[in-house]
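Right, one structure below, let's go through it.
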Amino acid sequence: MHNIIVKGAREHNLKNITVELPRNKFIVITGVSGSGKSTLAFDTIYAEGQRRYVESLSAYARQFLGLMEKPEVESIEGLSPAISIDQKTTSHNPRSTVGTVTEIHDYLRLMYARVGTPYCPICGRKIERQSASEVTEKLVQVHHERRAMLLAPIVRGRKGEYRKMLGDLKREGFARARVDGTIYDLDEAEKLKLEKFEKHDIDVVIDRLVLREDDRGRIAESVELGLRRGEGLLRVLFPDTNEEELFSEKFACVEHGSVLEEMEPRSFSFNSPYGACGDCSGLGTKLEFSPSLIVPDEDLSIAEGAIAPWSKKGTGGGVYYWEKLRMLAEHLKFDLKTPWRQLSEEVKKAVLYGVEDTFEVTLRRAGKETMKFSTDFEGVVPNLERRYKESDSEYIRQKMEELMEFNICPTCGGTRYKPEILAVRVGGLNIAQASNLSVLEAQSFFRKMGEGTLLEEDVEPYTHTGLGGTAQVAPALNPHYNLGGFEAQVAPPIIKAVLTRLSFLVDVGLDYLSLDRSANTLSGGEAQRIRLATQVGSGLTGVLYVLDEPSIGLHPKDNQRLIRTLKNLRDLGNTLLVVEHDEETMMESDHIVDMGPGAGVHGGMVVSEGTPADIMKDEDSLTGKYLRGDLKIEVPEQRRLGNGKKLRIRNAREHNLRNVTIEIPLGTMTVITGPSGSGKSTLIHDILHATLARDLNRAKTHPGKFDGLDGIEHLDKVIEIDQSPIGRTPRSNPATYTGVFTDIRDLFTRTTEARRRGYEAGRFSFNVKGGRCEACKGDGVVKIEMNFLPDIYVPCEVCKGARYNRETLEVKYQGKSISDVLDMTVEAACDFFQNIPNIQKKMQVLMDVGLGYMKIGQPSTTLSGGEAQRIKLATELSKRATGRTIYILDEPTTGLHFEDTRKLMLVLERLVEAGNTLVIIEHNLDVMKTADWIIDLGPEGGIRGGEVVAIGTPEQVAQHPTSHTGAYLKRIPDIQKRLKPAEEKTTKSSKGSKVKA
1 MHNIIVKGAR
11 EHNLKNITVE
21 LPRNKFIVIT
31 GVSGSGKSTL
41 AFDTIYAEGQ
51 RRYVESLSAY
61 ARQFLGLMEK
71 PEVESIEGLS
81 PAISIDQKTT
91 SHNPRSTVGT
101 VTEIHDYLRL
111 MYARVGTPYC
121 PICGRKIERQ
131 SASEVTEKLV
141 QVHHERRAML
151 LAPIVRGRKG
161 EYRKMLGDLK
171 REGFARARVD
181 GTIYDLDEAE
191 KLKLEKFEKH
201 DIDVVIDRLV
211 LREDDRGRIA
221 ESVELGLRRG
231 EGLLRVLFPD
241 TNEEELFSEK
251 FACVEHGSVL
261 EEMEPRSFSF
271 NSPYGACGDC
281 SGLGTKLEFS
291 PSLIVPDEDL
301 SIAEGAIAPW
311 SKKGTGGGVY
321 YWEKLRMLAE
331 HLKFDLKTPW
341 RQLSEEVKKA
351 VLYGVEDTFE
361 VTLRRAGKET
371 MKFSTDFEGV
381 VPNLERRYKE
391 SDSEYIRQKM
401 EELMEFNICP
411 TCGGTRYKPE
421 ILAVRVGGLN
431 IAQASNLSVL
441 EAQSFFRKMG
451 EGTLLEEDVE
461 PYTHTGLGGT
471 AQVAPALNPH
481 YNLGGFEAQV
491 APPIIKAVLT
501 RLSFLVDVGL
511 DYLSLDRSAN
521 TLSGGEAQRI
531 RLATQVGSGL
541 TGVLYVLDEP
551 SIGLHPKDNQ
561 RLIRTLKNLR
571 DLGNTLLVVE
581 HDEETMMESD
591 HIVDMGPGAG
601 VHGGMVVSEG
611 TPADIMKDED
621 SLTGKYLRGD
631 LKIEVPEQRR
641 LGNGKKLRIR
651 NAREHNLRNV
661 TIEIPLGTMT
671 VITGPSGSGK
681 STLIHDILHA
691 TLARDLNRAK
701 THPGKFDGLD
711 GIEHLDKVIE
721 IDQSPIGRTP
731 RSNPATYTGV
741 FTDIRDLFTR
751 TTEARRRGYE
761 AGRFSFNVKG
771 GRCEACKGDG
781 VVKIEMNFLP
791 DIYVPCEVCK
801 GARYNRETLE
811 VKYQGKSISD
821 VLDMTVEAAC
831 DFFQNIPNIQ
841 KKMQVLMDVG
851 LGYMKIGQPS
861 TTLSGGEAQR
871 IKLATELSKR
881 ATGRTIYILD
891 EPTTGLHFED
901 TRKLMLVLER
911 LVEAGNTLVI
921 IEHNLDVMKT
931 ADWIIDLGPE
941 GGIRGGEVVA
951 IGTPEQVAQH
961 PTSHTGAYLK
971 RIPDIQKRLK
981 PAEEKTTKSS
991 KGSKVKA
C-alpha cells in the first residue's frame, strides 16, 4: 500500500469524508479551529492505528494498555502502528526531569557508577577500594626495603577506658598497640588509665618488618589480618621518617570511615533510596512554613492580627496564644501594638522561631503584681509544624498548607542527592553539576571528554563543601579531567549515547534547557518537542507519528531546525501526520489536507488537498488564499502611543535574566518576544505578573529576583489569560466557566411551568440533587468497566444522556429543555437567546473569539489549551472594563488558523481601545506586526539569553541589526513599505576623514 485510505469518517463533526494520505511522507492537516483537524488526525486515524496494534496483543497485555474505542469510520487501509506526540502528556511528577524523560540521566548514572572517582564528602580526600593483594603489591613495589609497622585501627575517635579490650588483645597474642599516638607494650597498655569521657584512637600492631620481595608471604598474611581486624582499614607506619599511609578495601575515607557502600547506577538516582537525599527524599525542595505568608501585612501590629494563623481568622487563634505573646513581649520589652515592620530582627526571630530557654514573667491583675513564674515560648513556626504533623483533620492541614511554600532543601542544597553521592566526580563534575548543565553546555563538555581534550579551565575550580565547612581542594586531589586506562575503555559508548540524545534536543530547538529542569515546568510545546527528539533517537521505521502543533513556543528562527528533525523522522521510513498552522511548516511539507470550510457544523469536510503548490492554486481553500497573499492580517495604520504612563521593571535577574530593565507603555498592545529560553516567561510570569497579582489582587505569589516595579499605581487589577484548563472535571464547561449557565438557569426559573412547580435555580443544575438524574449523578453517561477491553461510557439508561430527571426536562423555554440548551453550539445559542441581552452578549463574545462551533455544555477536559485560553478571554471581554486593567496573555494564537488569528486580533484591539494594557508573549509574526510596542529578548536561549536585544515599534525592531525578530519582521511586505531608506549620515573620524555612520 502506498497510501493510507480513510473511507466514511463520521467521528464528531466529520461528514462521511474519504481521504487518501501518502505513506512515508510529511503531511500537514490544517484548517480553521473546529473544522475537524484533530478529529481526523487523532480521534480517527491515530485511534484506529493504536486500537489495531493493541488488539493484536494478548488479553493479558491488553488489560494493562487499555484499548481505544473504535472510531466511527467505515474503513482505514494501509494503516501502520501509530504513536501520538501531543501537548497533553507533560508529566506532573516532580521527580520527572528533562534528563529522565530523554533517558540521558540513565546514561549519566551508568557513567558515574562505572568511571566515577569517589572523594570523601567531609575532607575531599580521594577514596579508593584496594584488595589485600593490591595493598601487598604496593607495599612491596613502592616501599621496597623500608622498615614498616602494620597497624589495624580498632578504636577511632570514641570515648571509653578500653581496659578490657586491651586485655583481650594481649590474650589473643598481640604484643603492642598504639594508643593516642604512642606505642605501648600491651602489658603497659593494660595498666593505662584512659579518661572515660575523652575520645581515643587505638591501633593494634599486627607486624613489624622490612618490606622485601622475599617476605611477600608474610606481608600478605599480615595485611589480610590487619584488614580483617581493622574492619577494612589498614594503617602502615614508616618509623624511620614517621610517615604513615592508610589503605581501605572499601570505598571509604581512611580518616572518616566508610562513606560509599556501592558504586551502582541505582546509587546515582534521586528516585532511589540508595542515592536520594534523606531529608527531602530526592525532591530537592521541602514544603515549609513561610514567614512572608505567616505575616502577610507587615504594616499591621501583632495586636491587630499581623500573625495570620494566630489571628481570629486563622487556624488557631485564641486567648492562649495571645497570653503567650504578651509574656514574650514583657520579656523582650517590645510593644504588641508596634507595626511588625518596625520590630527589631531579634524580636521577629523570637516570635517566629521561639526562644531557647525559659524566662520569668510577672502576672498582674488590675495593675498589681500577683505572682512570678517561669515559662517558655515555642515560636509560631515550630508551633505550626508540630500541629501540622499531629493533626488528623484534612481541613486543618489544607488551611496550614496555605501558609507553606516549597524551599530548597537545606541538606542537599536542592541537588536531590546524598553527600557521598555528590562526592563522586567525572571530569571534575559530580552528577548534580553535570545535570545542571544546559543541553548545549553538556554537549560541549561530553564531546571534549570523549575526545580527551577536556581542560582544567573547562571546569570551574572545585571548592569542596563538606560537613566540616568549605575548603578549596588541594591540587594533588583534583580529579583527572580526561579518562585513561580502564575508564577509556568503558566510557566512550556511554558518552556516544549521551551525545546522540543531546544532539536531538539541539535539533528541535531545546538547547537552552538544563537536564535537571523539572518536566512539570515545561510548556506543552517544549514537552512535545522533547518526546519528538526521543522518538528520533529510537530509530523506529514504518510508524505513523501524529503530532499536534510541534511549532508552539518556537521563535521563527528555530523553525527550520524543527522542520529538519521532522524530515529526518520521515526519511527513516515513517509517516508524519502533523496538525499545524505555521506557514513555514506547511510550505516545507509533502502534502497538505485543508479542512473546513467553517467550524463545527459548518466544517468536517476536506476543502482541498495536495502539495503546497496545489493548495495555493485552489480558489476554494481559505488556507490557500492566505498562503498566496490574497488574504492577510492588516497592519494598523498608526501605532498607539499609549496614555503616557509606563510600567518599569528594574534589574530583573531571576533565572537567566541579566539585570534586565524594561518599560511597558500603558494603554498599548506590547508583545514580548525572542528565541525559546530567552527569558520571556521569567520576566512576564515570574516577575511582572507575580508582583502585580500580589500587590493588586492580594494573591499569595512570590516574585523572582528584581529591584522594583514602578507605575503600579496606574493600574487597578491584573488578569492573566493562559492555556491552563478551565476545569479539571467533565462537570466544568464553557457555560459554567463564563457564568452564562447561571443566567440560563435563572431564565428557566422564570418560565410559567417552573414557577407553577416552585422550581428554583438549583433545580436546573446537574451538580446538585433535585433536578439532576440520580442514576448517573448528572454525568449523562455511566462507566462500565471491562476486564480486557477499554472502559465503556454508555448513555445513562434513565435520562438517555440528558443529565436531568424527567420532571426537570418537562420545563421548557421556547420549546427547549435545559439539556437541549447545553447541547447547542455557541452560534445556535447566540440566535436562540437574541432577545435575552445578558446571555446573548456572552454568546456573542464567544463567537467573536472564534468559538462559535463549540457546544456550550462541552466538558472542559476535551478542550485544547488554545480553546481554554479563548474562553477565558471571552469571559474577561464580557465584563465591564475599567480602562486600568493589564491583561497578560501567553501565546494566544496557539491552535489558531490565519483566519482565527485575524478574528482574535480584532478582539484584542477592543480591549486596548477601552484603555486597557495588553502584554502578550508571542512568536507569531502576524501578532508582532500589529503590536504597538515590541520588547525583544535574547540574543539566544538559556545562558546565552536574558538580555534586551531590541525595543520599540515593529518598524524600529525590524531595523535592528542583530535582532532575530527584526530580521523576520523585515521580510513582511507591509513592514518593508514603512521602512524609510536609511539616510546616509556622515561624521568625521578622529583623523578628519569622512566615514559612513
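Following UniProt numbering, the residues of the sequence shown are numbered contiguously, the last one being 997. Note that the Cβ used here is the ideal one computed from N, Cα and C, for glycine as well. In this text the structure is predicted, and so the values were computed from the model without any measurement.
By the C-beta density criterion, GLY708 is exposed, having fewer than 16 other C-beta atoms within 10 angstroms.
Considering only THR751, ALA9, GLU288 and GLN528, the residue with the shortest C-alpha distance to LEU554 is GLN528. The straight-line gap separating the alpha-carbon atoms of THR18 and LEU896 is approximately 25 Å. Note on geometry: alpha-carbon atoms of ASP823 and LYS769 lie some 21 Å from one another.
ARG501 places its beta carbon 7 Å or farther from that of GLY539.
For GLU243 and SER133, the gap between their C-alpha atoms comes out near 22 Å.
If the five residues before and after PRO419 are omitted, its C-beta is found closer than 6 Å to the C-beta atoms of PRO121, all from its own chain and listed in chain order.
One thing to note: THR875 has its Cβ no nearer than 7 Å to the Cβ of THR736. Cβ atoms of THR742 and VAL811 stay farther apart than 8 Å, at about 17 Å. For a cut-off of 8 Å, the C-beta gap from VAL380 to TRP322 is around 13 Å, too long to register as a contact. Shortest Cα-Cα distance from VAL948 to any of VAL155, TYR53 and ILE649 involves ILE649. The shortest C-alpha to C-alpha distance from THR97 to any of LEU851, ASP582, ARG531 and GLY598 is the one to ARG531. Contact annotation: ASP203 and LEU151 have beta-carbon atoms nearer than 7 Å. Counting along the chain, GLY952 sits inside no alpha helix (DSSP H); it lies in the beta strand (DSSP E) bounded by residues 947 to 952. Pairing SER678 with GLY450 gives a Cβ-Cβ distance that is not under 7 Å. In the DSSP assignment, GLY31 falls within the beta strand (DSSP E) that extends over 26 to 31. Its Cα nearest to that of TYR853, the residue VAL601 stands out among LEU937, THR701 and VAL601.
In the assembly as shown, VAL319 is an exposed residue. Its beta-carbon has fewer than 16 other beta-carbons within 10 Å. Here the stretch 558 to 572 lies against the stretch 502 to 509, with 3 or more beta-carbon pairs under 8 Å apart. PHE406 sits in a strand when the DSSP states are folded into three classes.
Counted as a single uninterrupted DSSP element, the alpha helix (DSSP H) harbouring ASN383 occupies residues 380 to 390. Taking all protein chains shown into account, SER222 has 16 or more neighbouring C-beta atoms within 10 Å of its C-beta and is therefore buried. From the listed residues ALA931, ALA881, VAL821 and GLU940, the smallest Cα separation to LEU657 is found for GLU940.
For THR30, same chain residues with a beta-carbon under 8 Å away, outside a window of 5 residues either side, are LYS37, VAL579, GLU580, HIS581, MET586, ILE592, VAL593, ASP594, MET595, THR623 and HIS897 in chain order.
For the options LEU237, THR965 and SER518, the alpha carbon positioned closest to that of THR182 is the one of LEU237. In the pairwise beta carbon analysis, the stretch 394 to 413 is classified as touching the stretch 282 to 296: at least three pairs are separated by under 8 Å. DSSP places PRO961 outside both helix and strand once states are collapsed to three, so it counts as coil. Burial is judged here by how many other beta carbons sit within 10 angstroms of a residue's own beta carbon; VAL142 has fewer than 16 and is exposed.
Contact between GLY866 and THR885 does not hold, since the beta-carbon distance rounds to 22 Å and is not under 8 Å.
GLY758 sits exposed, since fewer than 16 C-beta atoms from the chains shown fall within 10 Å of its C-beta. Comparing C-alpha distances from GLY542 to each of ILE83, LYS70 and TYR60 shows the shortest one belongs to ILE83. Distance from the CA atom of GLY275 to the CA atom of SER281, rounded to whole angstroms, is 9 Å. With 16 or more neighbouring CB atoms inside 10 Å of its own CB, PHE748 falls in the buried class. For the set GLY484, SER374 and SER344, the Cα lying nearest the Cα of THR362 is the one of SER374. Rounded to the nearest angstrom, the gap between the Cα atoms of TRP933 and LEU683 is 16 Å. Runs of the alpha helix (DSSP H) lying entirely within the stretch 122 to 159, each at least 4 residues long, are 132 to 142 in chain order.
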